[in-house]
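Sequence lines, in order, name chains A and B. Residue numbering for the first sequence follows the numbering used here, beginning at 58 and increasing consecutively. Residue numbering for the second sequence follows the numbering used here, beginning at 4 and increasing consecutively. Idealized CB from N, CA, C, for every residue including glycine. Quick caveat: nothing in here was measured; it's all calculated off a predicted structure. A quick write-up on the structure given underneath.
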Amino acid sequence: MTALRRNLPAIVVFFTTLVLWEVVISSLDVRSFILPAPSSIANALVENWDVGYQIWPAAQTTFLEAAGGMVIGTVLGVLIALVISRWTLAGDIALPVAVAISAIPIIAFAPIANNWFGVLSPTSKMVIAAVLVFFPIMINVLRGLTEVPNSSLELMRSYAAGSMAVFRKVRVPNALPFFLTGLKVGTTLALIGAVVGEYFGGLNVALGRIVVQSASRLSFEVTWAAIIVASVVGIAMYLLIVAIERVAIPWHPAVRGDRIS
Amino acid sequence: MSGQAVVHVADVTKTFDVPGRGTMTALSGIDLLIGQGEFVSLIGPSGCGKSTLLRLIGDLTVPTSGTVMVNGKPAQQARVDRDYGIVFQSPVLFDWRNVEENVRLPLELIGTEKAAREARVTEMLELVELSDFRRHHPYQLSGGMQQRVSIARALAFEPALLLMDEPFGALDEMTRERMNSEVLKVWAQTGITVVFVTHSIPEAVFLSSRVAVMSARPGRITKVVDIDLPRPRTVETRENRRYFELVTEVREALRGMDGRVEADDAALDRAAAEGGIG
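Here it is in structure tokens:
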């Protein structure tokens with residue numbers, strides 16, 4: 058009930074926008090290659106759900122590529138953050154490299170990854186997604202591991218706790234909220250990475266391919282349908298992380314939701 | 004003074020390097036002997052090094068010269084042997100642990116066997132009257148309750164010595180007085196030796212068996228006042244004539260050492276924070 062009431066304004070605005078959109082398109086007779094009406098997008102979505110462009114199987118493919126990229130990028134990001142937080146020298150070497158990798162425009166890297174890992178293989182898309190996911194994960198986990206209040210470290214020192222105990226009982230739980238923030242940022246980036254990878258070639262049943270091909274045939278209502286499905290996949294991945302967050306860090310102010318009180 | 008010395012500070016000097024300002028002497032020529040079961044308060048203006056002295060006893064920082072012995076051992080050995088528990092000004096509770104898990108932390112580190120650990124946690128929570136809040140998280144507790152959890156945690160592994168660094172400085176006056184009585188109750192029940200840093204004269208007099216009055220720049224102990232108020236100390240103690248005499252005595256001992264220290268405080272505090280732990 059409260060969830061409904063809180064989301065009600067957003068829902069009203071959403072549907073009002075849809076109706077206005079529909080009315081404006083039909084009354085001003087806007088051509089569909091400029092902006093198709095919501096009804097024709099919905100129509101294209103239904104018609105191409107599992108036949109024609111096959112949007113639903115394509116969404117599954119793209120999701121798996123993004124999810125695979127999430128896993129690879131997360132594992133690498135966490136590992137490198139652990140190494141950097143432990144050994145200063147490793148940080149001096151790895152951090153500039155990590156920054157350099159994150160500065161590569163992903164559009165420039167995508168064709169190379171397709172070439173290296175096989176243009177028809179989902180691996181190449183996962184690698185592209187992983188490159189995008191890696192950096193926010195690494196930088197967030199690194200902050201969580203190192204930005205520990207001095208008072209907490211003094212407390213552990215008073216107990217003569219070893220560095221392993223400090224790591225397990227202070228640094229890791231301290232890093233958990235940072236890690237989850239990194240994951241949230243990572244979900245959207247992973248999806249972008251997968252779709253961009255698909256732009257530069259791959260099997261046709263993938264959201265990025267549908268966007269390229271439908272646009273080249275001026276079937277923009279299909280293009281829009283694919284874009285909407287892609288964003289729904291992104292939102293679903295994000296909400297999954299939010300759900301994990303509720304279970305994993307119920308004590309954190311961001312989850313408690315009492316920031317104002 | 005009764006029994007064996009739990010804390011023996013001999014001719015201790017502590018200097019800090021403050022960037023751009025050269026060397027600052029935080030403590031100079033400190034001698035202090037604290038016997039078993041004593042309750043000793045360190046009082047002085049901010050910047051007098053009272054917290055630094057406490058941190059030296061706890062081996063959270065090391066003296067520039069002189070020796071600090073705890074339980075007849077160098078302070079570092081005493082820390083490694085877990086001879087003391089400490090309560091800071093902020094409770095330093097871990098948000099991700101509930102009340103009982105916070106109290107259990109030192110027992111986990113020591114490797115206390117599980118049944119004994121749970122029994123001890125229950126006992127400590129009864130001592131600080133928080134048994135009904137064991138599953139609460141720190142953010143659900145008031146400041147005073149959080150500090151009681153911190154006290155229970157400091158006492159969990161039965162240390163010989165309890166170090167308290169302005170533990171009630173952030174609490175309102177009413178809560179502070181109630182906490183004072185609770186600390187005395189815990190002290191009476193456990194027979195633990197307490198070193199207590201404060202800048203509140205009434206608090207120091209009410210709690211202590213002795214009050215060490217300190218001056219600043221350089222920090223030194225200028226006077227030690229024996230507090231011969233009868234125990235147990237209660238609300239009536241605060242209205243006792245002798246109590247007012249002792250408050251006056253401590254206040255006069257503190258007088259004449261203020262005014263010139265404030266400017267250096269910030270720099271010294273920063274240096275202390277940075278030099279404290281590597």
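For L278(A), does the count of other Cβ atoms within 10 angstroms reach 16, so buried, or fall short, so exposed?
The residue labelled residue 278(A) in the question sits at position 221 within the first sequence. The question names Leu, but residue 278(A) in the sequence shown is Glu. Buried.
Residue of R313(A), L260(A), V304(A) minimising C-alpha distance to T118(A)
Within the first sequence, numbered from 1, the residue matching residue 118(A) stands at position 61. Closest by C-alpha distance to T118(A), out of R313(A), L260(A), V304(A), is L260(A).
Go ahead and pull the three-state DSSP assignment for V253(A).
Working through the first sequence from its first residue, we reach residue 253(A) at position 196. V253(A): helix per DSSP, three-state reduction.
Mind pulling the chain B residues with CB within less than 8 Å of L212(A)?
Within the first sequence, numbered from 1, the residue matching residue 212(A) stands at position 155. Residues of chain B passing the Cβ test: I89, F91, V95.
Give the interface partners of R85(B) over in chain A, defined as CB-CB distance under 8 Å, in chain order.
Counting from 1 along the second sequence, the entry for residue 85(B) is found at position 82. By Cβ distance, chain A contributes Y216, A217.
Contact check, I167(A) vs G254(A), beta carbons under 8 Å:
To locate residue 167(A), count along the first sequence from 1; it is residue 110. To locate residue 254(A), count along the first sequence from 1; it is residue 197. A quick correction: the sequence has Ala, not Ile, at residue 167(A). The Cβ atoms of A167(A) and G254(A) sit closer than 8 Å to each other.
Once DSSP output is grouped into helix, strand and coil, what is the label at Y246(B)?
Counting from one through the second sequence, the residue named residue 246(B) turns up at place 243. The three-state secondary structure of Y246(B), taken from DSSP, is helix.
On the three-state DSSP scale, how would you describe Y216(A)?
Taking the first residue of the first sequence as 1, we reach residue 216(A) at position 159. Three-state DSSP puts Y216(A) in coil, outside helix and strand.
Helix or strand or just coil, what does DSSP make of F90(A)?
Position 33 of the first sequence, counted from the first residue, corresponds to residue 90(A). Annotated three-state conformation of F90(A) is coil, per DSSP.
Please report the distance separating the alpha-carbon of L61(A) from that of Q149(B).
Here residue 61(A) refers to the residue found at position 4 when the first sequence is read from its first residue. Here residue 149(B) refers to the residue found at position 146 when the second sequence is read from its first residue. Near 36 Å, if we compare the C-alpha coordinates of Q149(B) and L61(A).
Considering Cα atoms alone, identify which of F91(B), E248(B), F42(B) is closest to A155(B).
In the second sequence, residue 155(B) corresponds to position 152, counting from 1. Of the listed residues, the one whose Cα sits closest to A155(B) is F91(B).
Please report the straight-line C-alpha distance between P114(A) and L121(A), rounded to a whole angstrom.
Within the first sequence, residue 114(A) is the residue found at index 57, counting from 1. Within the first sequence, residue 121(A) is the residue found at index 64, counting from 1. In this structure, the alpha-carbon of P114(A) lies about 11 Å from that of L121(A).
Cα-Cα separation between A207(B) and G148(A), rounded to whole angstroms:
Here residue 207(B) refers to the residue found at position 204 of the second sequence. Here residue 148(A) refers to the residue found at position 91 of the first sequence. If I take the Cα positions, the gap works out to 48 Å.
If we ignore side chains and look at the alpha-carbon of each, how far apart do V223(A) and A191(B) end up?
As a position in the first sequence, residue 223(A) is number 166, starting the count at 1. As a position in the second sequence, residue 191(B) is number 188, starting the count at 1. When rounded, the distance between both Cα atoms is 33 Å.
Counting only beta-carbon separations shorter than 8 Å, does D229(B) have a partner in chain E?
Checking the listed chains, one finds no chain E in this structure; the protein chains it contains are A and B.
Rounded to whole angstroms, how far is the Cβ of I298(A) from the Cβ of L237(A), which I believe are closer than 8 Å?
The residue you call residue 298(A) lines up with position 241 of the first sequence. The residue you call residue 237(A) lines up with position 180 of the first sequence. Going by Cβ atoms, the distance from I298(A) to L237(A) rounds to 6 Å, so yes, they are a contact pair.
First and last residue of the uninterrupted alpha helix (DSSP H) at G148(A)
The residue labelled residue 148(A) in the question sits at position 91 within the first sequence. Looking at the DSSP string, the run of the alpha helix (DSSP H) that includes G148(A) is 145 to 160.
Contact under 8 Å by Cβ, V124(B) with A159(B):
As a first step, residue 124(B) is located in the second sequence; it is residue number 121 there, counting from the start. As a first step, residue 159(B) is located in the second sequence; it is residue number 156 there, counting from the start. In this structure, V124(B) places its C-beta atom within 8 Å of the C-beta atom of A159(B).
Residues in the region 48 to 70 of chain B having any Cβ partner in chain A nearer than 9 Å
Using a CB distance below 9 Å, the part of the region 48 to 70 of chain B facing chain A consists of R58, G61, D62, L63, ordered along the chain.
Euclidean distance between Cα positions of V312(A) and S184(B):
As a first step, residue 312(A) must be located in the first sequence, where it is residue number 255. As a first step, residue 184(B) must be located in the second sequence, where it is residue number 181. Answer to the nearest angstrom: the Cα atoms are 37 Å apart.
Verify the CB distance criterion: does W308(A) have a CB-CB separation below 8 Å to chain B?
Sequence index remark: in the first sequence, residue 308(A) carries index 251 (1-based). Yes - at least one Cβ of chain B is within 8 Å of the one on W308(A).
Closer than 7 Å between beta carbons: that is the criterion. Which residues of the region 131 to 149 of chain A meet it against chain B?
Legend: CB atoms of the region 131 to 149 of chain A lying less than 7 Å from CB atoms of chain B are not found in any residue.
Among F235(A), R63(A), L246(A), the one whose alpha carbon lies nearest that of M183(A)
Start at 1 with the first residue of the first sequence, and residue 183(A) comes out as number 126. When only C-alpha atoms are compared, the closest one is L246(A).
8 Å Cβ cutoff, A311(A) in contact with chain B
Start at 1 with the first residue of the first sequence, and residue 311(A) comes out as number 254. Using a CB distance cut-off of 8 Å, A311(A) does not count as an interface residue toward chain B.
Closest by CA to R245(B), which one among T237(B), V238(B), L257(B), I230(B)?
Sequence index remark: in the second sequence, residue 245(B) carries index 242 (1-based). Nearest of T237(B), V238(B), L257(B), I230(B) to R245(B), Cα basis: I230(B).
C-beta atoms of V229(A) and V205(A) nearer than 8 Å:
The count along the first sequence starts at 1 and reaches residue 229(A) at position 172. The count along the first sequence starts at 1 and reaches residue 205(A) at position 148. Contact: no.
Would you kindly work out how many angstroms separate the C-alpha atoms of S9(A) and V188(A), rounded to a whole number?
An answer regarding residue 9(A) cannot be provided, because it is not within the stretch 58 to 318 covered by chain A.
Round the Cβ separation of W308(A) and H140(B) to the nearest angstrom and send it over; I've been treating them as touching at under 8 Å.
Sequence index remark: in the first sequence, residue 308(A) carries index 251 (1-based). Sequence index remark: in the second sequence, residue 140(B) carries index 137 (1-based). The pair is a contact, with the Cβ atoms about 5 Å apart (cut-off 8 Å).
8 Å Cβ cutoff met for F199(B) and V43(B)
What you label residue 199(B) is simply residue 196 of the second sequence in a count that begins at 1. What you label residue 43(B) is simply residue 40 of the second sequence in a count that begins at 1. Cβ atoms of F199(B) and V43(B): closer than 8 Å.
Taking all protein chains shown into account, decide if W144(A) is buried (16 or more other Cβ within 10 angstroms of its Cβ) or exposed.
Within the first sequence, residue 144(A) is the residue found at index 87, counting from 1. The Cβ neighbour count for W144(A), taken over all protein chains shown within 10 Å, is under 16; the residue is labelled exposed.
Is F171(B) helix, strand or coil by DSSP?
For this step, residue 171(B) is matched to residue 168 along the second sequence. Correct three-state label for F171(B): coil.
Rounded to whole angstroms, what is the Cα-Cα separation between R85(B) and N74(B)?
Along the second sequence, read from residue 1 onward, the residue named residue 85(B) stands at position 82. Along the second sequence, read from residue 1 onward, the residue named residue 74(B) stands at position 71. Distance between the alpha carbons of R85(B) and N74(B) is about 11 Å.
Around the C-beta of R221(A), are 16 or more other C-beta atoms found within 10 angstroms, so that it is buried, or is it exposed?
Against the first sequence, residue 221(A) aligns to sequence position 164. Rather than Arg, the amino acid found at residue 221(A) in this sequence is Met. It counts as exposed.
Which chain B residues are close to S209(A), counting only those with a beta carbon under 8 Å from its beta carbon?
Counting from 1 along the first sequence, the entry for residue 209(A) is found at position 152. Those within 8 Å of S209(A) in chain B are V95, F97.
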